[in-house]
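Below you'll find the structure, written out as structure tokens, and then a few comments.
There are 2 protein chains.
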Amino acid sequence: MKLILLSGGSGKRLWPLSNDARSKQFLKVLQDKQNENISMVQRVWKQLNEVGLSSSTYIATSKTQVETLYNQLGAEVNLVVEPARRDTFPAIALAASYLFSIEQVDLDEVVAVLPVDPFVHESFFHKITELERVIQLSQADLALIGVKPTYPSSKYGYIVPKVDSEEIFYSTVSHFKEKPNEKEAEKLIYKNALWNCGVFGFKLGYLINLLISKGLPTDYNELINNYNDLPKNSFDYEVVENTKKIVSVEYDGYWKDLGTWNTLTEEMNTSIIGKGIMSEDTKDTHVLNELDIPIACLGVSNLVVAASPDGILVSQKTASPRIKEIIGGFNERPMYEERRWGWYKVMDYCKTDLNEEILTKKVCITTGSNLSYHYHEHRDETWSIIKGEGFIALNDKILPINKGDTFRIPAGTFHAIKASQEIQMIEIQSGPCVIEEDINRLEINWSNIEKKITLV
Amino acid sequence: MKLILLSGGSGKRLWPLSNDARSKQFLKVLQDKQNENISMVQRVWKQLNEVGLSSSTYIATSKTQVETLYNQLGAEVNLVVEPARRDTFPAIALAASYLFSIEQVDLDEVVAVLPVDPFVHESFFHKITELERVIQLSQADLALIGVKPTYPSSKYGYIVPKVDSEEIFYSTVSHFKEKPNEKEAEKLIYKNALWNCGVFGFKLGYLINLLISKGLPTDYNELINNYNDLPKNSFDYEVVENTKKIVSVEYDGYWKDLGTWNTLTEEMNTSIIGKGIMSEDTKDTHVLNELDIPIACLGVSNLVVAASPDGILVSQKTASPRIKEIIGGFNERPMYEERRWGWYKVMDYCKTDLNEEILTKKVCITTGSNLSYHYHEHRDETWSIIKGEGFIALNDKILPINKGDTFRIPAGTFHAIKASQEIQMIEIQSGPCVIEEDINRLEINWSNIEKKITLV
Chain C
194 MKLILLSGGS GKRLWPLSND ARSKQFLKVL QDKQNENISM VQRVWKQLNE VGLSSSTYIA
254 TSKTQVETLY NQLGAEVNLV VEPARRDTFP AIALAASYLF SIEQVDLDEV VAVLPVDPFV
314 HESFFHKITE LERVIQLSQA DLALIGVKPT YPSSKYGYIV PKVDSEEIFY STVSHFKEKP
374 NEKEAEKLIY KNALWNCGVF GFKLGYLINL LISKGLPTDY NELINNYNDL PKNSFDYEVV
434 ENTKKIVSVE YDGYWKDLGT WNTLTEEMNT SIIGKGIMSE DTKDTHVLNE LDIPIACLGV
494 SNLVVAASPD GILVSQKTAS PRIKEIIGGF NERPMYEERR WGWYKVMDYC KTDLNEEILT
554 KKVCITTGSN LSYHYHEHRD ETWSIIKGEG FIALNDKILP INKGDTFRIP AGTFHAIKAS
614 QEIQMIEIQS GPCVIEEDIN RLEINWSNIE KKITLV
Chain L
194 MKLILLSGGS GKRLWPLSND ARSKQFLKVL QDKQNENISM VQRVWKQLNE VGLSSSTYIA
254 TSKTQVETLY NQLGAEVNLV VEPARRDTFP AIALAASYLF SIEQVDLDEV VAVLPVDPFV
314 HESFFHKITE LERVIQLSQA DLALIGVKPT YPSSKYGYIV PKVDSEEIFY STVSHFKEKP
374 NEKEAEKLIY KNALWNCGVF GFKLGYLINL LISKGLPTDY NELINNYNDL PKNSFDYEVV
434 ENTKKIVSVE YDGYWKDLGT WNTLTEEMNT SIIGKGIMSE DTKDTHVLNE LDIPIACLGV
494 SNLVVAASPD GILVSQKTAS PRIKEIIGGF NERPMYEERR WGWYKVMDYC KTDLNEEILT
554 KKVCITTGSN LSYHYHEHRD ETWSIIKGEG FIALNDKILP INKGDTFRIP AGTFHAIKAS
614 QEIQMIEIQS GPCVIEEDIN RLEINWSNIE KKITLV
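The listed protein sequences derive, respectively, from chains C and L.
Numbering-wise, the first sequence is residues 194 to 649 according to the numbering used here.
Numbering-wise, the second sequence is residues 194 to 649 according to the numbering used here.
In structure tokens form, the structure reads like this:
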């Protein structure tokens with residue numbers, strides 16, 4: 194059996210901690226058994242490790258998440274990287290073609306697709322392994338996992354079983370009902386409907402045949418080259434709606450979607466993450482602070498206060514699902530990002546009278562890591578090293594660097610930096626347009642950079 | 194008649210906007226008639242201008258406030274600067290000696306001392322001018338202004354008149370009662386007691402004679418040199434308690450102490466200062482944001498949310514007077530300061546493995562201004578100019594500077610900078626101990642700096 198975890202896109206429902214560059218699954222807002230802060234992805238990965246499934250797991254993701262995933266889960270995690278964001282059908286199709294043509298997985302092997310961040314008990318993953326037997330038993334094309342509803346929620350999708358479904362290990366699915374009102378939900382629960390938790394199980398052959406029937410390539414490299422031809426559609430609409438035999442398995446354990454501040458804070462073991470203090474009469478309030486300055490709460494109750502370099506949210510917990518209402522107007526660049534080589538944080542942005550943009554960042558390159566050998570077309574940079582040791586590549590020279598050194602890097606200059614001891618520096622970018630996309634990379638690997646420069 | 198405004202010390206009751214370097218009177222949280230944000234000091238100064246009293250006014254202050262006062266009120270304001278912070282008696286004595294020995298004010302002239310930031314109607318200042326006549330009429334040593342109480346407050350001090358006080362323009366004071374409980378306050382109001390609003394009127398000669406009787410110098414320069422001999426005591430304890438004949442005048446107009454967030458926000462004409470947004474169902478909430486990032490309020494009510502580079506406060510308005518309870522533990526350096534030459538903001542602070550401190554600031558020098566010619570003993574600095582034009586003095590050289598230039602200034606190097614066009618720069622300080630106090634100034638005036646260097 195293989196698992197495909199879908200690492201979904203950006204979302205602002207957990208603004209200001211989540212943004213276009215940081216999806217909610219990467220926020221370190223949960224706590225492990227040692228009370229260390231971990232992200233939703235890290236929590237799921239620990240669980241997969243514990244049930245022995247992590248080595249059979251592939252994460253379907255986009256380019257923008259690769260560095261964060263390696264950073265949070267380690268370099269040995271299997272990634273299938275979309276060349277562009279489309280939707281869940283293309284992402285799952287690509288992962289299936291990877292299993293088929295690169296990993297040469299047998300067409301009879303069962304594959305389970307699931308979100309990267311379900312907040313569940315470990316037994317959820319045992320239930321997933323049962324899908325293998327259920328698919329063999331039922332001969333269904335698709336097997337889903339449904340969660341036994343705990344209340345008539347109007348927020349979830351429901352899997353409705355056939356009335357005459359009499360199997361023991363699974364039910365045959367009649368149809369789906371998305372977000373019914375409360376009254377409908379009550380009726381559905383009476384009919385043994387389950388909350389759909391977004392897990393799809395199928396034999397690899399089912400999806401490969403589907404690709405063939407749609408005239409799409411089954412070879413991974415071919416599919417990646419024709420990725421734009423894939424329908425920009427969800428797996429639910431493209432596949433599930435057109436599948437005849439679907440069964441579902443009931444998971445009767447803890448399951449929660451931590452998609453909003455009120456649901457997330459219910460699962461936090463601590464009321465303050467980061468610098469913060471609360472008066473004794475502050476009640477049922479959570480502070481999540483990624484800034485260097487303290488947050489003080491005085492006499493408040495039922496609030497979530499979240500702060501990051503992107504902004505500060507002060508929300509009544511019950512109001513927090515409505516966050517998109519008010520932050521629509523904020524459309525600024527991400528102010529903090531984790532990368533393969535470390536992290537950066539934007540300290541300041543301003544414009545000169547000549548309409549030139551100035552962006553000041555603090556950049557950290559972890560011990561042993563390096564920035565790629567690259568140049569920018571439209572900006573100059575000044576690097577001031579405040580900490581650490583290493584080497585800088587500037588066009589055809591490699592120089593040792595130390596704390597206190599400053600380097601001016603005009604537009605067009607190839608440059609790279611390697612930290613032999615963790616480096617922190619202040620980077621000042623200036624130019625008519627300072628955007629992350631203005632980067633031309635020649636080489637990422639430091640020893641190759643050294644070779645190239647030595648040859649010059 | 195002369196006025197002495199007491200510009201009081203630091204306070205944290207309006208944290209995080211007020212701090213050791215920024216007293217509450219300097220926060221631009223009020224609005225003038227054009228809806229521009231102004232500080233309490235600026236509001237009072239406008240009122241004094243309008244009633245024609247500003248040129249007769251002297252501000253008694255400490256060194257740390259000089260630059261801010263010039264910056265907010267203009268260079269023509271009269272300041273009497275204490276050599277060290279002691280208490281209100283020494284501050285008033287110093288100002289009196291200044292009027293006597295430097296300004297040669299007649300000993301019969303009436304002086305009124307008042308706080309720098311009363312939130313009052315203009316008629317309050319007309320009432321102050323009445324003190325002159327009242328002192329002549331009553332032959333009292335001290336004349337106070339009392340505000341007619343609007344409710345039996347337990348927060349204020351009360352001026353209690355003599356029972357047989359039958360004058361028309363003033364009352365003879367029997368005694369004072371500090372912060373009575375509500376029941377006592379009711380009784381005091383019944384006896385025509387007034388709230389004491391901290392105004393003291395007296396003939397200059399009264400105070401000068403008092404200095405003589407205490408064996409203290411009456412000459413300003415002598416007093417400043419012996420400032421440490423002055424009793425560290427308040428004017429109330431040192432003078433008022435020992436004065437026999439005190440009268441009071443009633444001011445029957447608007448008067449308020451904007452000392453806490455709840456009282457202050459009641460006087461704001463706008464609910465958001467700085468970057469912020471509120472959902473439609475947010476009620477009776479004020480946002481004061483000095484940060485560059487937005488604050489979003491969602492579904493909350495009766496909150497004050499205040500943010501500065503020092504921290505973020507989220508407080509129920511009624512709880513805000515208790516702020517000192519929770520911020521006692523925060524004892525960090527001020528993160529933003531206004532100066533004679535512009536302003537700076539701390540962007541980042543960290544330590545290296547070798548326990549060296551690194552402080553990164555954004556510094557703005559306004560057009561025409563300059564930093565003094567100075568050096569630091571314990572820190573190196575790197576200046577990266579991101580905006581503007583001007584000149585830098587480095588030891589015995591003056592060089593023109595432009596955007597993009599970077600200067601390394603090792604400890605011990607004399608340096609100064611002058612902005613011909615507003616300069617903004619990123620300053621990185623590094624050393625075993627980076628504190629504001631590590632500064633040795635040789636000269637402040639730029640043309641003198643030029644002369645000195647040309648002579649070398």
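Even glycine gets a Cβ: it sits at the ideal position worked out from N, Cα and C.
Any chance you could list the alpha helix (DSSP H) runs of at least 4 consecutive residues sitting entirely within the region 528 to 587 of chain L, in chain order? none
To the nearest angstrom, report how far apart Asn455/C and Gln224/L are at their CA atoms. Translated into the one-based positions of the first sequence, residue 455/C becomes position 262. Translated into the one-based positions of the second sequence, residue 224/L becomes position 31. Each residue's Cα considered, the two are about 37 Å apart.
I think Phe362/C touches Val327/C, with their Cβ atoms under 8 Å apart; what is that distance to the nearest whole Å? As a first step, residue 362/C is located in the first sequence; it is residue number 169 there, counting from the start. As a first step, residue 327/C is located in the first sequence; it is residue number 134 there, counting from the start. Confirmed, Cβ separation roughly 6 Å.
Going by C-alpha distance, which of Glu375/C, Thr436/C, Asn426/C, Glu371/C is nearest Leu403/C? Mapped onto the first sequence, residue 403/C falls at position 210. Minimum Cα distance to Leu403/C is reached at Thr436/C.
Would Lys348/L pass as an interface residue toward chain C - the criterion being a Cβ-Cβ separation below 8 Å? Stepping through the second sequence from its first residue, residue 348/L is reached at position 155. Not one chain C Cβ lies under 8 Å of Lys348/L.
Pick out whichever of Pro209/C, Gly583/C, Asp541/C has its Cα sitting closest to the Cα of Gly521/C. One-based indexing of the first sequence puts residue 521/C at position 328. The residue with the shortest Cα to Cα distance from Gly521/C is Pro209/C.
Within 9 Å of chain C by C-beta, residues of the region 565 to 596 of chain L in sequence order: Asp573, Thr575, Ser577, Ile579, Lys580, Gly581, Lys596
Could you please give me the residues that DSSP links to Tyr251/C through a beta bridge? For the purposes of this step, residue 251/C is taken as residue 58 along the first sequence, with counting starting at 1. Beta-bridge pairing links Tyr251/C to Ile197/C, Asn271/C.
What are the boundary residues of the alpha helix (DSSP H) that includes Asn414/C? Mapped onto the first sequence, residue 414/C falls at position 221. Here the alpha helix (DSSP H) through Asn414/C covers 413 to 418.
Under 8 Å between the Cβ atoms of Lys396/C and Glu323/C? Here residue 396/C refers to the residue found at position 203 when the first sequence is read from its first residue. Here residue 323/C refers to the residue found at position 130 when the first sequence is read from its first residue. For Lys396/C and Glu323/C, no; Cβs fall outside 8 Å.
Would you mind stating whether Pro502/L and Val556/L have Cβ atoms separated by less than 8 Å? Locating residue 502/L in the second sequence gives position 309, counting from the first residue. Locating residue 556/L in the second sequence gives position 363, counting from the first residue. No, Cβ-Cβ distance for Pro502/L and Val556/L is not below 8 Å.
Buried or exposed (CB count within 10 angstroms, at least 16 for buried), Glu459/C: Residue 459/C sits at position 266 when you count from the first residue of the first sequence. Counting other Cβ atoms within 10 Å of its Cβ, Glu459/C stays below 16 and is therefore classed as exposed.
Identify which residue in His608/C, Ile439/C, Leu220/C has its Cα closest to the Cα of Ile646/C. For this step, residue 646/C is matched to residue 453 along the first sequence. Taking only the C-alpha atoms, the option nearest Ile646/C is His608/C.
Endpoints, the beta strand (DSSP E) within which His479/C is located: Taking the first residue of the first sequence as position 1, residue 479/C is located at position 286. Element bounds for His479/C: 479 to 482.
Thr553/C: contacting residues in chain L (beta-carbon distance under 9 Å): What you label residue 553/C is simply residue 360 of the first sequence in a count that begins at 1. Under the 9 Å cutoff, chain L gives Met540, Thr553, Lys555, Ser577, Ile579, Ile619.
So, using beta-carbon positions, are Met194/C and Glu325/C closer together than 8 Å? For this step, residue 194/C is matched to residue 1 along the first sequence. For this step, residue 325/C is matched to residue 132 along the first sequence. The Cβ-Cβ distance between Met194/C and Glu325/C falls below 8 Å.
Does Met471/L come out as helix, strand or coil in the three-state DSSP assignment? To locate residue 471/L, count along the second sequence from 1; it is residue 278. Looking at Met471/L - three-state DSSP - the assignment turns out to be strand.
How long is the line joining the alpha carbons of Asp421/L and Lys256/L, rounded to whole angstroms? By one-based count along the second sequence, residue 421/L stands at place 228. By one-based count along the second sequence, residue 256/L stands at place 63. Here residue 421/L turns out to be Asn, not Asp, going by the sequence shown. Computed Cα separation, rounded: 15 Å.
Any chain L beta carbon closer than 8 Å to Ala305/C: In the first sequence, residue 305/C corresponds to position 112, counting from 1. Chain L, which has no Cβ nearer than 8 Å to the Cβ of Ala305/C, makes this no.
Which residues share a DSSP beta bridge with Arg634/C? Along the first sequence, read from residue 1 onward, the residue named residue 634/C stands at position 441. Paired residue(s): His567/C.
So with CB distances below 9 Å, who are the chain L contacts of Ile518/C? Numbered from 1 along the first sequence, position 325 holds the residue referred to as residue 518/C. Just to set this straight, residue 518/C is Glu in the shown sequence, not Ile. The contacting residues are Ser472, Glu473, Leu491.
Which whole-angstrom value is the C-beta distance of Val237/C and Val309/C, which I expect to be below 8 Å? Against the first sequence, residue 237/C aligns to sequence position 44. Against the first sequence, residue 309/C aligns to sequence position 116. 6 Å between Cβ atoms; contact.
Give me the Cβ distance between Leu335/C and Gly391/C, rounded to the nearest whole Å; I'm assuming they're in contact under 8 Å. Position 142 of the first sequence, counted from the first residue, corresponds to residue 335/C. Position 198 of the first sequence, counted from the first residue, corresponds to residue 391/C. That pair is no contact at about 13 Å.
Pick out the complete alpha helix (DSSP H) segments inside the region 316 to 361 of chain C, 4 residues or longer, and give them in chain order. 316 to 331
Just the Cα atoms here: how many angstroms apart are Glu636/L and Thr606/L? Within the second sequence, the letter at position 443 stands for residue 636/L. Within the second sequence, the letter at position 413 stands for residue 606/L. For Glu636/L and Thr606/L, the distance between alpha carbons rounds to 14 Å.
Figure out for me which residue from Pro345/L, Gln329/L, Leu381/L, Pro373/L has the closest Cα to the Cα of Pro354/L. Here the question's residue 354/L lines up with position 161 in the second sequence. Of the listed residues, the one whose Cα sits closest to Pro354/L is Leu381/L.
Helix, strand or coil: how does DSSP classify Arg279/C here? In the first sequence, residue 279/C corresponds to position 86, counting from 1. The answer is coil: DSSP assigns Arg279/C none of H, G, I, E or B.
Does the Cβ of Gln218/L have 16 or more other Cβ atoms within 10 Å, making it buried, or fewer, making it exposed? By one-based count along the second sequence, residue 218/L stands at place 25. Buried.
Using a beta-carbon distance below 8 Å, is Val507/C in contact with chain L? Here the question's residue 507/C lines up with position 314 in the first sequence. Yes - at least one Cβ of chain L is within 8 Å of the one on Val507/C.
Would Pro410/C count as contacting chain L if we go by Cβ distances under 8 Å? Taking the first residue of the first sequence as 1, we reach residue 410/C at position 217. Closer than 8 Å: no.
At the level of alpha carbons, what is the spacing between Ile285/C and Ser216/C? The sequence position of residue 285/C within the first sequence is 92, counting from 1. The sequence position of residue 216/C within the first sequence is 23, counting from 1. Taking the straight line from one Cα to the other gives about 19 Å.
Leu496/C touches chain L at which residues, Cβ-Cβ below 8 Å? As a working mapping, residue 496/C is identified with position 303 in the first sequence. Those are Val493, Val507, listed as they occur along chain L.
For Pro593/C, count neighbouring Cβ atoms within 10 angstroms of its own Cβ and tell me buried if that reaches 16, exposed if not. Translated into the one-based positions of the first sequence, residue 593/C becomes position 400. Classification for Pro593/C: exposed.
Would Ile488/L pass as an interface residue toward chain C - the criterion being a Cβ-Cβ separation below 8 Å? Here residue 488/L refers to the residue found at position 295 when the second sequence is read from its first residue. With 8 Å as the cut-off, Ile488/L counts as an interface residue toward chain C.
In angstroms with no decimal places, state the Cα-to-Cα distance between Leu292/L and Thr281/L. Walking along the second sequence from the start, residue 292/L turns up at place 99. Walking along the second sequence from the start, residue 281/L turns up at place 88. Rounded to whole angstroms, Leu292/L to Thr281/L spans 16 Å at the Cα level.
I'd like the list of long-range same chain contacts for Leu491/L, defined as Cβ closer than 6 Å, with 5 residues on each side in sequence excluded. For the purposes of this step, residue 491/L is taken as the residue at position 298 of the second sequence. Answer for Leu491/L: Ser472, listed in chain order.
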